[in-house]
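The working numbering applies: residue 1 is where the sequence shown begins, and numbers increase by one. All C-beta atoms in this analysis are idealised placements derived from N, C-alpha and C, irrespective of residue type, glycine included.
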Amino acid sequence: MGFLQSVKILFVVVSVVLILAGLALLIWPAFSASALCAALGVVFILCGAVRLAGYCANDLYRLAFQFDLAAGLLLIALGAALILRAPEAMTGLSLMIGVFALTDSALRLQTALDAKRFGLRNWPGILVFALCGGVLGVLLLIRPFGGRLLVRAMGAALAVGGAENLLLGLCAFRIPRRSSSPVVEVEAEYVIDED
């Protein structure tokens, strides 16, 4: 299995983990703060590492990972902050997730429009997830509610972001096929006639 195939599989797996983490927050919003920070920190670092690897991959369309250098670094930084500074990070967790969800959704909106240009038929799904993620990001930034409802909104934002990445990984990530014909090198010499 090549590097590109490994990155695609890891991207899909991490997207599913992100969906599951979001669903866990939706279903059980009463996690302890320290357990929540540690679990999300690990998930963010894994997601960031896979997105950095994806940025280095050479997929055919270059859509799935086109903005993932910055996104990967941001996720790793957020994950490290959640693990190392859990008490302080917990107070701003909804803001961190909101900023990331809004930023990532804005970039995925551009990815959806690029996918439309490429003629990918799943671009409307990417667009819908990007818009939903953006709305959830704004809600987490303005925080019109608190308590368990806020934790559920964070879970929804994570689940939507994971679903968006899963759709991208499955539909917009293409591995170039190797040509079965051998590469032929040709030497050419140009002669300029000065008549």
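CB of residue i within 8 Å of CB of residue j, strictly
i    : j    : result
W123 : A112 : yes
G133 : A101 : yes
L10  : V50  : yes
C47  : V13  : no
A86  : C37  : yes
G169 : G22  : no
L167 : G125 : yes
A156 : G137 : no
L95  : L141 : yes
A57  : V7   : yes
A30  : R148 : yes
Residue i, DSSP secondary structure in three states
i    : result
L121 : According to the sequence provided, residue 121 is Arg. The question's Leu does not apply to it. If DSSP states are grouped into helix, strand and coil, R121 belongs with coil.
F11  : helix
L20  : helix
R143 : coil
Q5   : helix
P29  : coil
- Message: Please give me, in chain order, every unbroken run of the alpha helix (DSSP H) with length at least 4 that falls completely inside the region 53-112.
- Response: Positions of the alpha helix (DSSP H) runs, each at least 4 residues long and wholly inside the region 53-112, are given as 68-84 and 86-91 in order along the chain.
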